Structure formats: C-alpha cells, structure tokens
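Numbering (our numbering), first residue to last: 722 to 914.
First the structure, in the form of structure tokens, and then the observations on it.
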Ligand SMILES: C[S@@+](CC[C@H](N)C(=O)[O-])C[C@H]1O[C@@H](n2cnc3c(N)ncnc32)[C@H](O)[C@@H]1O
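Okay, structure coming up:
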C-alpha cells in the first residue's frame with residue numbers, strides 16, 4: 722500500500738500552500754493528516770465541527786471538503802495574517818472563521834456542542850483540555866496530531882506531550898487509538914463514564 726498517494730486534494734490547497742510558504746509558517750499539518758481529517762469529518766453528516774488553530778487554512782481545506790451541506794465548522798485563530806489567508810481562500814457558508822484568542826473563546830463559549838474537534842493549538846490541547854473536551858458530544862471525535870517529536874518543538878515540549886498522553890491513557894470516558902503515522906496522531910472518541 723502506498724500511503725503517500727492522495728486523491729482529490731482540495732482545490733484551494735495549493736494556493737494556500739504557496740501563501741503559507743510566503744509567510745514562512747511551518748506548523749501546518751501534512752497531507753496524511755489532512756486526508757484522515759477529511760475521512761473522519763465525512764462520517765459526521767450534518768455535524769458540528771470545531772478547529773482550534775486554523776493556521777493558514779490547510780487543514781481547514783480538508784475538513785471543509787469532508788463536510789456535507791448541512792455540516793458546520795467553527796475555526797479559531799489568533800494570528801490575523803494567517804486568518805486572512807484562510808478566509809481569502811476558503812470563504813464558505815458552512816464555516817465561521819473566528820479571529821480571536823482560543824483561551825478566551827473556550828472560556829466564553831456557551832453554544833451547541835461539537836461532533837468533531839481538531840485541537841491544533843495550545844488552548845484545547847495542552848491547556849484548557851477539559852474545557853474543550855466538555856464541548857464534545859458523546860460519540861464525538863477529538864483529534865490531535867504532532868504527537869511524535871517535531872523539529873519545531875520548543876524546549877520542554879516533549880515532556881508536556883508525554884504527560885498529556887498519560888492523562889488521556891488514564892481516562893475512563895474515552896476510547897483512543899494512537900497512530901505512529903504522519904506527525905503522530907491520536908483519535909479519541911468520547912463515551913459515557
Ligand atoms: C499547529 S498550527 C495550526 C495549523 C493548522 N491547523 C494546519 O494544520 O494547517 C497552530 C495555530 O494555532 C494558532 N494559535 C496559537 N495560539 C493561539 C491562541 N491562543 N488562540 C488561537 N490560536 C492560536 C497559531 O497562530 C497557529 O496558527
């Protein structure tokens with residue numbers, strides 16, 4: 722099996738990639754993660770999706786492609802330049818691109834819960850995890866990448882990752898699968914305690 726062959730890459734992907742490179746943004750997800758996001762999101766017709774950390778919109782382009790007409794995505798980013806690239810290339814009636822601080826957003830959000838969360842920023846992953854996880858419906862999917870050592874990890878991050886995985890492993894309200902694939906992915910479903 723050749724897992725580096727991707728069918729039907731989202732149309733805006735390459736122009737977003739060019740803009741991403743111009744900004745020297747090096748935290749975008751790869752094609753494997755994008756393809757898996759698309760597949761999982763497609764399993765939630767009419768679902769409510771949340772992305773924490775839009776970046777320039779590369780992962781968002783896959784998520785949008787996986788969503789059906791009735792699904793909705795809220796995606797949060799605090800960097801205005803990156804938010805602008807994403808909104809310019811991905812304007813879509815099914816998506817709300819929110820330029821705000823994810824910490825504040827997670828503390829303030831009182832709306833409907835989500836069926837799928839891609840937690841790709843510090844808030845909602847290493848910080849305020851409980852707040853983000855409480856926004857997930859039962860049977861919903863919490864998805865994270867970058868769980869294998871990455872060249873851009875700051876000092877001390879490896880220990881944080883280890884502690885975070887240990888915390889997930891100890892929970893009784895989740896079923897999770899770890900994939901040593903792409904940048905290291907964990908797929909978590911939320912279940913009754
Ligand atoms: C790993 S990158 C996201 C990459 C994107 N999801 C992708 O795969 O292409 C993390 C993003 O979170 C954003 N971010 C960091 N701190 C944040 C905060 N407090 N609130 C909102 N966004 C934040 C960064 O600007 C960055 O774009």
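Positions of the beta carbon are idealized from the N, C-alpha and C atoms, including for glycine.
Remember, it's a predicted structure, so these values are computed and weren't measured experimentally.
Given residue i as reference, the closest of the options once Cα atoms are compared
i: residue 838; options: 858, 874, 902, 741; result: 858
i: residue 799; options: 777, 815, 756; result: 777
i: residue 818; options: 869, 907, 874, 772; result: 772
i: residue 750; options: 822, 868, 801; result: 868
i: residue 895; options: 876, 821, 910, 873; result: 910
i: residue 886; options: 730, 907, 785, 802; result: 907
i: residue 780; options: 802, 764, 757; result: 757
i: residue 744; options: 881, 851, 802, 735; result: 802
Own chain partners of residue i with C-beta closer than 6 angstroms, once the 5 adjacent residues on each side are dropped
i: residue 789; result: 766
Pair within 9 angstroms by beta-carbon distance, residue i and residue j
i: residue 724; j: residue 774; result: no
i: residue 760; j: residue 787; result: yes
i: residue 904; j: residue 795; result: no
i: residue 811; j: residue 733; result: yes
i: residue 792; j: residue 815; result: yes
i: residue 889; j: residue 900; result: no
i: residue 762; j: residue 730; result: no
Residue i CB to nearest heavy atom of ligand 1 below 8 angstroms
i: residue 915; result: There is no way to answer for residue 915, as the model of the chain reaches only from 722 to 914.
i: residue 893; result: no
i: residue 817; result: no
i: residue 898; result: no
Which residues DSSP lists as bridging residue i, in chain order
i: residue 844; result: 848
i: residue 748; result: According to DSSP, which records beta bridges pairwise, residue 748 is partnered with nothing at all.
i: residue 900; result: 906
i: residue 770; result: 794, 837
i: residue 857; result: 835
Residues of its chain near residue i, where Cβ-Cβ distance is below 8 angstroms and the 5 sequence neighbours each way are ignored
i: residue 848; result: 824
i: residue 834; result: 769, 856, 857, 858, 861
i: residue 912; result: 859, 860, 894, 895, 896
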